[in-house]
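Report on the structure given below.
In my numbering, the protein residues as written are 1173 to 1304.
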């Protein structure tokens, strides 16, 4: 267990160092070709369909507003799903904790805190990348 905490601590230090280095980079050396990694990975849906189906400009013009209208609905559905998953996870953990011995509960709480710290560190990294 001790080695897990050491490994977790080392991972946190490496993560924070990465964030610090990323924030300290010269703006001239930024990679502006991919400002939003996830968007780049998924790609532009209309562009993908245009290539796959050989859409005409007229078809593209009709399809674009459909995608634009669906975008906020998709975002809301993802957020709602995320909130439900968090609630389910919290409920599950609340049911598991009382079953554990006091020593196990301490370890359980430490693991939960470590997981939360890592989540926060990842979010800080995302925010730092987004703000670059």
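Beta carbons: idealized from backbone N, C-alpha and C, even for Gly. Just so you know, these numbers come straight off a predicted model, no measurement behind them.
**Report entry** residue 1265 and residue 1234 closer than 8 Å at C-beta
**Finding:** No; because the gap between Cβ atoms is not below 8 Å, this pair is not in contact.
Requested in this report: Counting only the same chain and skipping the five closest in sequence on each side, list residues whose C-beta sits under 8 Å from that of residue 1236.
Outcome: Excluding residues within five positions, the ones whose Cβ falls inside 8 Å are 1218.
**Report entry** Reduced DSSP secondary structure (H/G/I, E/B, other) of residue 1272
**Finding:** Correct three-state label for residue 1272: coil.
Query - Alpha carbon of residue 1247 to alpha carbon of residue 1225, nearest angstrom - result: Here the alpha carbon of residue 1247 sits roughly 26 Å from the alpha carbon of residue 1225.
Report task. State yes or no: is the beta carbon of residue 1276 nearer than 8 Å to at least one beta carbon in chain B? Result -> Absent from the structure is chain B; it holds one protein chain and no more.
**Report entry** Range of the contiguous alpha helix (DSSP H) that encloses residue 1222
**Finding:** Its alpha helix (DSSP H) spans residues 1217–1225.
Query - For residue 1253 and residue 1222, the rounded distance between their alpha carbons - result: Cα-Cα distance, rounded: 30 Å.
Requested in this report: Using alpha carbons as the reference points, say which of 1297, 1267, 1216, 1257 lies closest to residue 1240.
Outcome: Checked all of 1297, 1267, 1216, 1257; the closest Cα to residue 1240 is 1216.
Query raised in the report: Relative to the alpha-carbon of residue 1269, which residue among 1243, 1281, 1287 has its alpha-carbon at the smallest distance?
Result: When each option's Cα is compared against that of residue 1269, the closest is 1281.
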